[in-house]
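Data first, discussion second: the structure below is written as structure tokens.
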Amino acid sequence: MKYLLSLSILALPLSAHALLATCTVSATGITFPAYTSPGGATADSTGDIAVTCTATLVIGTGSYTIALNAGSGTFVNRTLKSGANALTYNVYTDSARSIVWGDGTGVTQTESDSYLILLTPTTRHYTPYGRIPAAQNKPAGTYTDTLTVTITY
């Protein structure tokens, strides 16, 4: 059996305002390759989170933190769902897929960055690394989950 798998990363139409800058966030979800069950191999894929900041008053330095919620599961076992069926997966901050991207609680870490705020927009991209562990025995279907991106600065 093969699955169509997709993870949406929801970047709310968010504009955060600070004294020095306005920042917006956009995201491209993770689309996993087809997963074969039973006994499918590990499935890896990536997405993109883009943060764009523009100075509103003066040029200076700033920083922000990017957090992801747990979606429909927990940070230990996020779940892609198809009706009542679920595949476990997770999202990581690193290509080795060893650091769970979350809200900074428990085993999770957030992404943080500092930048020079300019009068012209500056965009930085961050890669969420997704992984579905091997050998999950689930029926065929379209499995999805939605994560929310939160930018704090």
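All the letters of the sequence shown, read from the start, carry residue numbers -18 to -1, 1 to 135 under mature numbering (1 follows the signal peptide of the UniProt record, and there is no 0).
Ideal Cβ positions, reconstructed from N, Cα and C, are used throughout, including at glycine.
Listed in chain order, the non-local C-beta contacts of GLY88 below 7 angstroms within the same chain comprise PHE57, local neighbours out to five positions each way being set aside.
Counting only runs that start and end inside the segment 99 to 125, the beta strand (DSSP E) elements of at least 3 residues fall at 104 to 108, 111 to 114. In this structure, the straight-line span from the alpha carbon of ALA116 to that of THR61 is close to 14 angstroms.
With a cutoff of 8 angstroms on beta-carbon distance, GLY21 and TYR135 are scored as not near each other. Nearest to THR75 by alpha-carbon distance, out of GLY11, TRP83, ALA25, is TRP83. Assignment of ILE81 by DSSP, reduced to helix, strand and coil, places it in the coil class.
Going by DSSP, LEU62 is part of the beta strand (DSSP E) stretching over 60 to 64. A distance below 8 angstroms separates the beta carbons of SER27 and GLY112.
According to the DSSP secondary-structure assignment, ALA9 is paired through a beta bridge with ILE31. Per DSSP, TYR135 is not a residue of any beta strand (DSSP E), being assigned neither H nor E. Here ILE133 is buried: its Cβ has 16 or more other Cβ atoms, across all protein chains shown, within 10 Å. Of the candidates PHE14, ALA37, ALA9, THR10, the residue whose Cα lies closest to the Cα of LEU98 is ALA37.
Contact between GLY86 and ALA49 holds, with the beta-carbon distance rounding to 7 angstroms and staying under 8 angstroms. In the DSSP assignment, GLY42 forms a beta bridge with ILE99. LEU100 sits close to ILE41, with the two beta carbons spaced by under 8 angstroms. Here ALA68 is bridged, per DSSP, to LYS63.
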